[in-house]
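Peer 1: Below you'll find the structure I mean.
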Amino acid sequence: MPMGSGANPFPSSSPSRPRRPARWGNRIFAFLTGAGAVILVGIVLALFVFLYLGAKQSIDTFGFRFFTISIWNPFPYNVYGIVPFLAGTLITSSVALFVAVPLSLGAAIFLTQQAPRWMRGPVAQLIELLAAIPSIIYGFWALIVLVPIMRYDIEPKLYTYLGWTGLFSGTPIGLDVLTASLVLAVMVIPTITAISRDAMAAVPISQKEAALSLGATNWEVTRRSVIPYARTGIFAGIVLGLGRALGETMAVTLVIGNSNHVPKSLFSQGQTIASGIANQFLEASSPLELSALIEAGLVLLVIALAINVGARVILGRLQTGRGVGQE
Amino acid sequence: MVRQRSSRTGLIAVIAVIVVVVIIVGVGYGAGWFKPSSSKTSSSGCTLPSSTPLTGAGSTLVAPLMLAWAAAYTQSSISYSAIGSGGGITDITQKTVDFGASDAPLNPSQWAAVPSPGVVTFPESAGAAVPIYNLPGISAHLHFTGQILAAIYLGDITNWNNSALSAINPGVTLPTAAITVVHRSDGSGTTFVFTSFLSKENATWKSTVGYATSVNWPVGIGAKGNSGVTETVLSTVDSIGYVDINYALTNAVGFGAVENPAGNFILANITNIASAIKDSNVVLPAATNYSAWYNISVLNAPGSEDYPLSTFTYLFVYTDLGVAYGSSFTLTQAENLVDFLHWIVTIGQQASAGLYYVPLPAFAVTSDNATINALLYNGASIPVCVPTTAA
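If you read the sequences in order, they're chains A and B.
In this text, residue positions in the first sequence follow the numbering used here: the first is 1, and each later residue adds one.
In this text, residue positions in the second sequence follow the numbering used here: the first is 1001, and each later residue adds one.
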């Protein structure tokens, strides 16, 4: 059916306004999509309400002391403080990032700047595949492969050569904070690498060519033009990695040694907030312990949100900075 | 126009948020109300089999036995969730199940949380805690005493080459190696019996750690569940742990003999645990006396061949089912529950030994049957319909 540009089948409708019959459809569409968004927001709010209600007994009993009591003692005291869990969470996450960030950035730089072109795609895909491996699989791997290596090879050497630092004192058993940190590092490397790689790959070629034309070496190009340009993405990758490390449960539970004490060294057994909840929730010995575990969950949720919000603020600043400084 | 629509969407959004929050919170609070709705109460008893399944929750330790019972019991279907003893106690406290199962009796804060009309406590099976270890090259079953186990778990004995340990293990060359202590990371009836035993045997343990389903361990690695402890010990050379008897018997792990009050080192098996519980001759307390149940002990039975670390495992059921659950729980269901409970403490016990559980001794069966007969429905006794031998 030939149809010229002037043959408008709906001559009455005005191009600037939607037709009348479409309004109901629009409303329904707006309602449905709105409801979807609202339900998600509602679930988050309900989560907070739930956690608060569940944690109320513990909040009323311990108040702010929940953050200063350094024991988790169901018996004989029935007293619970988050300090051991918080210490375990912060130590494992920071050690994991300490190990993972340089490795991830190295991999990302290699994949975007150094590697031959035929290699980049497949290797990047493989790394992204690593991010999809369920954490329990990492946990199994850690328990069966990593723990014996740590126990017999790595930890005795660390003890001999670096024991004087105090970081590596105690008996190397393999089931400890250090092993848990390394498992976390392995788990967050794909996340950080994949996102940093994307950010570095998005650096405009002109940015690099400008540096190259000034006689910059490969390293100088990377350091002075690629990393500054991609830093927002790199930072986002690190924050996502941190988020994964903070909340990781099963893999950590399998190797951290599950002891409710503040770790004395990296060879100590410990407990993260997530592993503490996983270990004790079903068998909580009293309503108060259950409530304290829920409060620990609330704290974890708040930390995760705070990191996300903080990251957004910093990202906003970084992006503004880049806009002003470089473009 | 676009602006108007978005403000309307905003209003809808606010309303929907409130609705969703109210609904979800309501569901949470109401979880206890969602009992399966059932048919009208029958006028008189004896309407078995019932079409409504009985629900229970709790101990993972007795779960295999519970599943075997559920399969063998024909009068109604039994739905048991192995969510852990603590979870079972929470569920019976919140009235979301018909019976709760736990490896330990209710502790003081748990019994304080039980709502009116209160629950009865009665043993439905028995077990024992067994020390396991990983010492390559040592095939003999090591000997332990309560004192030595306590010292190891206190961190006072740190090396296998300890003189006290060597003294009770003549002919065994113990390695000069640090002991890696493994304990449960979750609350557990096995921990309850193990720490009860250490408290009885060692004054320092009693005053500094005590006994409970979950304690503040001075040393060691935590592992989740009997299976987690077994796996950790199997994969960690020079380690020691404790598990329930069926895990020691069914895994290729070294396990030790423990000295009993008669001075003999006893290697646990179903027979000597059963005889220990029988010989303990403990007077089972009134079904609703929570504190008495918390303190009863079948540890350190007097018989010369009795295993010293034995324990009961428990079920909890409301004393008055009509009062506890209201009209959603019919008399028929109550009759059905009573029949099932009678069945498991009598006929059901025959299934125990084959699954490495310890059958109840006669005095416990008698006590249990009396407890079950005394259950009420709105103040009236519950008719027993089917002879318990019929299943």
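Glycine included, C-beta positions come from ideal geometry on N, C-alpha and C.
Bear in mind the structure is a predicted one, so any value in this text is a computation, not a measurement.
(1) State the Cα-Cα distance for the pair residue 69 (chain A) and residue 300 (chain A), rounded to the nearest angstrom.
(2) How would you list, in chain order, the residues of chain B whose beta-carbon sits under 9 Å from the beta-carbon of residue 225 (chain A)?
(3) For residue 193 (chain A), which residues from the same chain have a beta carbon less than 7 Å from its beta carbon, with the 5 sequence-adjacent residues on both sides left out?
(4) In its own chain, which residues sit with a C-beta less than 6 Å from the C-beta of residue 1337 (chain B), not counting the 5 before and 5 after it?
(5) If you count every other CB in all the chains shown that lies within 10 Å of the CB of residue 1166 (chain B), and 16 or more means buried, which is it?
(6) What does the alpha-carbon distance come out to for the pair residue 146 (chain A) and residue 200 (chain A)?
(7) Would you report the Cα separation of residue 1316 (chain B) and residue 1092 (chain B), rounded to the nearest angstrom?
(8) Could you check whether the Cβ of residue 1396 (chain B) sits closer than 9 Å to any Cβ belonging to chain A?
(9) So with Cβ pairs under 9 Å, would you call residue 1101 (chain B) a contact of chain A?
(10) Have a look at B:1285, B:1312, B:1206 and flag the residue whose alpha-carbon is nearest the alpha-carbon of residue 1245 (chain B).
(11) From the DSSP output, which residues share a beta bridge with residue 29 (chain A)?
(12) What residues from the stretch 1087 to 1114 of chain B come within 8 Å of chain A, judged by C-beta to C-beta, listed N to C?
(13) So with CB distances below 7 Å, who are the chain B contacts of residue 285 (chain A)?
(14) Which residues in the same chain have their Cβ closer than 6 Å to the Cβ of residue 1104 (chain B), if we skip the five residues on either side of it in sequence?
(15) Answer yes or no: does any C-beta atom of chain B fall closer than 9 Å to that of residue 14 (chain A)?
(16) Consult DSSP for residue 1012 (chain B) and reduce its assignment to one of helix, strand or coil.
(17) Output the distance between the C-alpha atoms of residue 357 (chain A) and residue 73 (chain A), rounded to the nearest integer angstrom.
(18) Residues in its own chain within less than 8 Å of residue 308 (chain A) by CB, not counting five upstream and five downstream?
(19) Could you check how far apart the C-beta atoms of residue 269 (chain A) and residue 1222 (chain B) are, in whole angstroms? I think they sit under 8 Å.
(20) On the three-state DSSP scale, how would you describe residue 1157 (chain B)?
(21) I need the straight-line Cα distance from residue 310 (chain A) to residue 32 (chain A), nearest angstrom please.
(22) In the structure shown, what three-state DSSP assignment does residue 1131 (chain B) receive?
(23) With a cut-off of 8 Å, do at least 3 Cβ pairs link the stretch 136 to 145 of chain A to the stretch 171 to 183 of chain A?
(24) Taking 9 Å as the CB-CB cut-off, is residue 1033 (chain B) touching chain A?
(25) Helix, strand or coil for residue 1081 (chain B)? Go by DSSP, reduced to three states.
(26) Could you pull out every residue in the same chain whose Cβ sits closer than 7 Å to the Cβ of residue 1034 (chain B), ignoring the five residues on either side in sequence?
(27) What does residue 43 (chain A) reach in chain B if we use C-beta pairs closer than 8 Å?
(28) Measure the C-alpha to C-alpha separation of residue 1101 (chain B) and residue 1111 (chain B) and round it to an integer number of angstroms.
(29) Looking at residue 1323 (chain B) and residue 1123 (chain B), is the spacing between their C-beta atoms short of 9 Å?
(30) Output needed for residue 1351 (chain B): all residues of its chain with C-beta closer than 6 Å, excluding positions within five of it in sequence on either side, in chain order.
(31) Using the C-alpha atoms, what's the distance from residue 275 (chain A) back to residue 250 (chain A)?
(32) Going straight from the alpha carbon of residue 1321 (chain B) to that of residue 1377 (chain B), what length do you get?
(33) List the DSSP bridge partners of residue 72 (chain A).
(34) Within 9 Å (strictly less), CB to CB, does residue 141 (chain A) reach chain B?
(35) Between which two residues does the beta strand (DSSP E) holding residue 1309 (chain B) run?
(36) Alpha carbon to alpha carbon, how far is residue 314 (chain A) from residue 228 (chain A)?
Peer 2: Inspection of the coordinates gives the following:
(1) The sequence position of residue 69 (chain A) within the first sequence is 69, counting from 1. The sequence position of residue 300 (chain A) within the first sequence is 300, counting from 1. When only Cα atoms are considered, residue 69 (chain A) and residue 300 (chain A) end up about 17 Å apart.
(2) Residue numbering aside, residue 225 (chain A) sits at position 225 when the first sequence is read from its first letter. Under the 9 Å cutoff, chain B gives no residues; its nearest Cβ is about 42 Å from residue 225 (chain A).
(3) Stepping through the first sequence from its first residue, residue 193 (chain A) is reached at position 193. For residue 193 (chain A), where only same-chain residues beyond five positions count, the Cβ hits under 7 Å are 104, 107, 108, 127.
(4) Locating residue 1337 (chain B) in the second sequence gives position 337, where the first residue counts as 1. Closer than 6 Å at the Cβ level, and outside the excluded window around residue 1337 (chain B), lie 1054, 1098.
(5) The count along the second sequence starts at 1 and reaches residue 1166 (chain B) at position 166. By the neighbour-count criterion, in which 16 or more other beta carbons inside 10 Å mark a residue as buried, residue 1166 (chain B) falls on the exposed side.
(6) Translated into the one-based positions of the first sequence, residue 146 (chain A) becomes position 146. Translated into the one-based positions of the first sequence, residue 200 (chain A) becomes position 200. Distance from the CA of residue 146 (chain A) to the CA of residue 200 (chain A), rounded to the nearest whole angstrom, comes to 32 Å.
(7) For the purposes of this step, residue 1316 (chain B) is identified with residue 316 of the second sequence, where counting begins at 1. For the purposes of this step, residue 1092 (chain B) is identified with residue 92 of the second sequence, where counting begins at 1. Between residue 1316 (chain B) and residue 1092 (chain B), the C-alpha separation is close to 7 Å.
(8) Chain B is shown only over 1001 to 1391; residue 1396 (chain B) falls outside these bounds and no answer can be derived.
(9) Along the second sequence, one-based indexing puts residue 1101 (chain B) at 101. Taking Cβ atoms only, chain A never reaches closer than 9 Å to residue 1101 (chain B), which makes this a no.
(10) Working through the second sequence from its first residue, we reach residue 1245 (chain B) at position 245. The candidate whose alpha carbon is nearest that of residue 1245 (chain B) is B:1312.
(11) What you label residue 29 (chain A) is simply residue 29 of the first sequence in a count that begins at 1. Per DSSP, none; premise fails for residue 29 (chain A).
(12) Within the stretch 1087 to 1114 of chain B, the qualifying residues are 1087, 1090, 1107, 1109, 1110, 1113.
(13) Here residue 285 (chain A) refers to the residue found at position 285 when the first sequence is read from its first residue. Near residue 285 (chain A) (Cβ distances below 7 Å), the residues of chain B are 1086, 1107, 1187, 1212, 1213, 1214.
(14) Position 104 of the second sequence, counting from 1, holds the residue named residue 1104 (chain B). Correct list, in chain order: 1189, 1192, 1213.
(15) As a working mapping, residue 14 (chain A) is identified with position 14 in the first sequence. Low local confidence applies: a pLDDT of 49 at residue 14 (chain A) is under 50, so the model's placement there is unreliable, and no value is given.
(16) Within the second sequence, the letter at position 12 stands for residue 1012 (chain B). Residue 1012 (chain B): helix per DSSP, three-state reduction.
(17) In the structure as shown, chain A starts at 1 and stops at 327, and residue 357 (chain A) therefore has no counterpart that could be examined.
(18) Position 308 of the first sequence, counting from 1, holds the residue named residue 308 (chain A). If we look at residue 308 (chain A) and ignore the five residues flanking it on each side, its Cβ neighbours are 239, 243.
(19) Within the first sequence, residue 269 (chain A) is the residue found at index 269, counting from 1. Within the second sequence, residue 1222 (chain B) is the residue found at index 222, counting from 1. Confirmed, Cβ separation roughly 7 Å.
(20) Stepping through the second sequence from its first residue, residue 1157 (chain B) is reached at position 157. Under the three-state reduction of DSSP, residue 1157 (chain B) is assigned to coil, being neither helix nor strand.
(21) Taking the first residue of the first sequence as position 1, residue 310 (chain A) is located at position 310. Taking the first residue of the first sequence as position 1, residue 32 (chain A) is located at position 32. Answer to the nearest angstrom: the Cα atoms are 32 Å apart.
(22) For the purposes of this step, residue 1131 (chain B) is identified with residue 131 of the second sequence, where counting begins at 1. Reduced to three states, the DSSP call for residue 1131 (chain B) is strand.
(23) Two segments are said to touch when three or more pairs of C-beta atoms, one from each, lie closer than 8 Å; by this definition the stretch 136 to 145 of chain A touches the stretch 171 to 183 of chain A.
(24) Residue mapping note: residue 1033 (chain B) aligns to position 33 of the second sequence, counting from 1. Here residue 1033 (chain B) scores only 47 on pLDDT, less than 50, and its place in the model should not be relied on; the value that follows carries that caveat. No, residue 1033 (chain B) does not count as interfacial toward chain A.
(25) Locating residue 1081 (chain B) in the second sequence gives position 81, counting from the first residue. Taken through DSSP and simplified to helix, strand or coil, residue 1081 (chain B) comes out as strand.
(26) Reading the second sequence from its first residue, position 34 is the one you call residue 1034 (chain B). Per-residue confidence for residue 1034 (chain B) stands at a pLDDT of 46, beneath the threshold of 50, marking its modelled position as unreliable; no derived number is given.
(27) Here residue 43 (chain A) refers to the residue found at position 43 of the first sequence. 1020, 1024, listed in chain order.
(28) Residue numbering aside, residue 1101 (chain B) sits at position 101 when the second sequence is read from its first letter. Residue numbering aside, residue 1111 (chain B) sits at position 111 when the second sequence is read from its first letter. Straight across, the Cα-Cα distance linking residue 1101 (chain B) with residue 1111 (chain B) is about 14 Å.
(29) Here the question's residue 1123 (chain B) lines up with position 123 in the second sequence. Here the question's residue 1323 (chain B) lines up with position 323 in the second sequence. Not in contact: residue 1123 (chain B) and residue 1323 (chain B) (Cβ atoms no closer than 9 Å).
(30) Counting from one through the second sequence, the residue named residue 1351 (chain B) turns up at place 351. In chain order, 1068 place their CB closer than 6 Å to the CB of residue 1351 (chain B), counting only its own chain and leaving out the 5 sequence neighbours on each side.
(31) For the purposes of this step, residue 250 (chain A) is taken as residue 250 along the first sequence, with counting starting at 1. For the purposes of this step, residue 275 (chain A) is taken as residue 275 along the first sequence, with counting starting at 1. Rounded to the nearest angstrom, the two C-alpha atoms are 7 Å apart.
(32) Here the question's residue 1321 (chain B) lines up with position 321 in the second sequence. Here the question's residue 1377 (chain B) lines up with position 377 in the second sequence. Rounded to the nearest whole angstrom, the C-alpha separation of residue 1321 (chain B) and residue 1377 (chain B) is 5 Å.
(33) Walking along the first sequence from the start, residue 72 (chain A) turns up at place 72. Bridge partners of residue 72 (chain A): A:80.
(34) As a working mapping, residue 141 (chain A) is identified with position 141 in the first sequence. At a cut-off of 9 Å between C-beta atoms, residue 141 (chain A) does not count as an interface residue with respect to chain B.
(35) To locate residue 1309 (chain B), count along the second sequence from 1; it is residue 309. Neither: residue 1309 (chain B) is in no beta strand (DSSP E) and is coded neither H nor E.
(36) In the first sequence, residue 314 (chain A) corresponds to position 314, counting from 1. In the first sequence, residue 228 (chain A) corresponds to position 228, counting from 1. Taking the straight line from one Cα to the other gives about 15 Å.
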